[in-house]
Amino acid sequence: MSKSRAWAEIDLSRIAHNVEEVRALIPATSKIMGIVKADAYGHGAVECTRALEACGVDFFGVSSVDEAVELREHGIRSEILILGYTPPQHFGLLAAHDLIQTLVDLSYAQKLDAFAAEANVTIRAHAKADTGMNRIGVTVQDGEYHIEELLAMYAMQHVQVCGIFSHFSVSDSHTADDLAFTAHQIELFERVLADLRAAGYDPGTTHLQNSYGILNYPQLSYDYVRPGLLYMGVTSDDEIAINTAPDFLPILSLKANVTMVKWLRPGDTVSYGRHFKVERPTKVATVSIGYADGLPRLISNQGIEVLLHGQRVKIIGNICMDQLMLDVTELEPVQEGDVVTLIGEDGEERVSVDAISRASHTINNETLTRITARVPRIYKK
Numbered sequence: 001m002s003k004s005r006a007w008a009e010i011d012l013s014r015i016a017h018n019v020e021e022v023r024a025l026i027p028a029t030s031k032i033m034g035i036v037k038a039d040a041y042g043h044g045a046v047e048c049t050r051a052l053e054a055c056g057v058d059f060f061g062v063s064s065v066d067e068a069v070e071l072r073e074h075g076i077r078s079e080i081l082i083l084g085y086t087p088p089q090h091f092g093l094l095a096a097h098d099l100i101q102t103l104v105d106l107s108y109a110q111k112l113d114a115f116a117a118e119a120n121v122t123i124r125a126h127a128k129a130d131t132g133m134n135r136i137g138v139t140v141q142d143g144e145y146h147i148e149e150l151l152a153m154y155a156m157q158h159v160q161v162c163g164i165f166s167h168f169s170v171s172d173s174h175t176a177d178d179l180a181f182t183a184h185q186i187e188l189f190e191r192v193l194a195d196l197r198a199a200g201y202d203p204g205t206t207h208l209q210n211s212y213g214i215l216n217y218p219q220l221s222y223d224y225v226r227p228g229l230l231y232m233g234v235t236s237d238d239e240i241a242i243n244t245a246p247d248f249l250p251i252l253s254l255k256a257n258v259t260m261v262k263w264l265r266p267g268d269t270v271s272y273g274r275h276f277k278v279e280r281p282t283k284v285a286t287v288s289i290g291y292a293d294g295l296p297r298l299i300s301n302q303g304i305e306v307l308l309h310g311q312r313v314k315i316i317g318n319i320c321m322d323q324l325m326l327d328v329t330e331l332e333p334v335q336e337g338d339v340v341t342l343i344g345e346d347g348e349e350r351v352s353v354d355a356i357s358r359a360s361h362t363i364n365n366e367t368l369t370r371i372t373a374r375v376p377r378i379y380k381k
């Protein structure tokens, strides 16, 4: 691939290691639901799902029916939960592909039940209990605790509610207020489960912990945990403190080629806006990757380092749509076709996605999902 413009390498063999690191954190009674939404955060949903299945993962979460159908069409037979909204015009796909739908609220659940009755099918679903995220789900919070709506969902005739879950909103935070908020989310979820059982309903499959819920609250013993980035070997930001010490291995590397090398004189400027001014004779390498490939333009002129010949060099000037420039004055030789590593390892050095995310004031979840489709994914097995 050294002659390609830019590409991402995905080392699927590392997924098994990362899955075992997750398993080492959680109770033996809990299982893993692999979250492969957004094309597995840009890593490739089909390939990552297959690798996870090979590790014994038997349940997957996606954001939409389109993502679920893609997995089914590629031979994935494991359970698939659609974590978000499916438009009513696509309800038929749920039954046709044996998918599990999240019930975003009671009126939505009733629409799904009416469809299933008319179509003479049974559609499986998980109820969403909103314990404080305030995104989707039945509100079950202090002062507004609508357990009756969840009971109505479980009583439906043509939608089989076979599970229930909620979602942490600040499980990554260690402030006193946020710790208390997360603890109360757990209390509310436990109250919901107790009330369902008291009313004679089996809650079914239970799950609460997202990635930081796993890292900071590993003692919780629900049926499943929901890691996303963790099996990909990264967290949202490696500078966020966690209560555990897993040894994750990042599975993604991002690379591109040097396309040209030239010397600039003192006083010359580099790229749009002329924000980088050369102060000494400087050797500049142009690289065939830019913001249209998903590399944030916001990291321009922030001292971000990449790897070339196993050494660190800095991005200079504004990142362009398809290209960027490096100061390679201290490197010999540098020539067209040399491989630049923007995320990953080269020799003894490593550059992480975390540095890019922090420089662009976001989290790794966004940075990785922004790597665009024109960057081919090359899978190493």
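Numbering-wise, the sequence shown is residues 1 to 381 according to full-length UniProt numbering. Backbone N, C-alpha and C fix where the C-beta goes; we use that ideal spot for every residue, glycine too.
N-terminal and C-terminal residue of the alpha helix (DSSP H) that residue i is part of
{"i": "N216", "result": "S211 to N216"}
{"i": "D327", "result": "Premise fails: D327 lies in the beta strand (DSSP E), L324 to D327, not in any alpha helix (DSSP H)."}
{"i": "Q110", "result": "L106 to A119"}
{"i": "S357", "result": "V353 to A359"}
{"i": "L150", "result": "I147 to Y154"}
{"i": "G42", "result": "K37 to G42"}
{"i": "V69", "result": "V65 to E73"}
{"i": "T49", "result": "A45 to A54"}
Identity of the residue in the options nearest residue i by Cα
{"i": "I123", "options": "M325, E73, V159 and A256", "result": "V159"}
{"i": "H207", "options": "A373, E190, N216 and D142", "result": "E190"}
{"i": "H167", "options": "R226, Y154, N120 and N216", "result": "R226"}
{"i": "Y85", "options": "L103, R77, V69 and A96", "result": "L103"}
{"i": "R14", "options": "C55, A241 and K283", "result": "C55"}
{"i": "Q89", "options": "L252, A114 and E21", "result": "A114"}
{"i": "M232", "options": "L249, E239, D346 and S221", "result": "L249"}
{"i": "Y379", "options": "L12, R5 and A355", "result": "L12"}
{"i": "Q219", "options": "E21, E9, L25 and I10", "result": "L25"}
{"i": "V351", "options": "L252, P87 and E332", "result": "L252"}
{"i": "Q302", "options": "I371, N243 and H275", "result": "H275"}
{"i": "L151", "options": "R280, H174 and A199", "result": "A199"}
{"i": "V36", "options": "A28, H17, E70 and R5", "result": "E70"}
{"i": "S221", "options": "R23, R5, H17 and A16", "result": "R23"}
{"i": "N18", "options": "V234, L179, G204 and D195", "result": "V234"}
{"i": "V140", "options": "A119, D105, H174 and V161", "result": "D105"}
Contact set for residue i: own chain, Cβ-Cβ below 7 Å, skip 5 residues either direction
{"i": "S271", "result": "G317, N318, C320 and M325"}
{"i": "I240", "result": "D172"}
{"i": "A68", "result": "V62, I80, I82, H97 and L99"}
{"i": "E305", "result": "R312, V313, K314 and V351"}
{"i": "N243", "result": "L215 and N216"}
Residue burial classification, residue i (beta-carbon count within 10 angstroms, cutoff 16)
{"i": "N134", "result": "exposed"}
{"i": "D247", "result": "exposed"}
{"i": "L163", "result": "Reading the sequence as shown, one finds Gly at residue 163 and not Leu. So G163 counts as buried."}
{"i": "D98", "result": "exposed"}
{"i": "K111", "result": "exposed"}
{"i": "W7", "result": "buried"}
{"i": "K128", "result": "buried"}
{"i": "A125", "result": "buried"}
{"i": "D39", "result": "buried"}
{"i": "residue 387", "result": "Look at the range of the chain in this structure, 1 to 381, and you will see that residue 387 is not part of it."}
{"i": "N210", "result": "buried"}
{"i": "A116", "result": "buried"}
{"i": "N216", "result": "buried"}
{"i": "A45", "result": "buried"}
{"i": "P333", "result": "exposed"}
{"i": "Q101", "result": "buried"}
{"i": "H74", "result": "exposed"}
{"i": "T29", "result": "exposed"}
{"i": "Q185", "result": "buried"}
Beta-carbon proximity list for residue i, same chain, < 8 Å, skipping 5 on both sides
{"i": "S2", "result": "Reliability of the predicted coordinates at S2 is poor, the pLDDT of 47 falling under 50, and no value is obtained from them."}
{"i": "Q335", "result": "V258 and V261"}
{"i": "D58", "result": "K31, S78 and E79"}
{"i": "A292", "result": "M321, D322, T372 and R374"}
{"i": "residue 383", "result": "Here the chain has residues from 1 to 381 only, and residue 383 is not among them."}
Residue i - containing beta strand (DSSP E), residue span
{"i": "D11", "result": "A6 to D11"}
{"i": "V62", "result": "F59 to V62"}
{"i": "R124", "result": "I123 to D130"}
{"i": "E79", "result": "E79 to I82"}
{"i": "L103", "result": "I100 to L103"}
{"i": "H97", "result": "Careful: H97 lies outside any beta strand (DSSP E) and carries neither H nor E."}
{"i": "H207", "result": "T205 to H207"}
{"i": "V140", "result": "V138 to Q141"}
Same chain only: Cβ atoms within 6 Å of residue i, ignoring 5 sequence neighbours per side
{"i": "S360", "result": "P296, L298 and I299"}
{"i": "S357", "result": "I363, N364 and T367"}
{"i": "V121", "result": "A95"}
{"i": "P376", "result": "W7"}
{"i": "I76", "result": "T49"}
{"i": "R72", "result": "H97"}
{"i": "G137", "result": "K128, A129 and D130"}
{"i": "Y212", "result": "S171 and D172"}
My parser needs the beta strand (DSSP E) runs of 3 or more residues fully inside the stretch 158 to 200; what are they? 159 to 165
What alpha helix (DSSP H) runs, 4 residues minimum, are completely inside the UniProt domain "Alanine racemase C-terminal" (251 to 380)? 353 to 359 and 364 to 369
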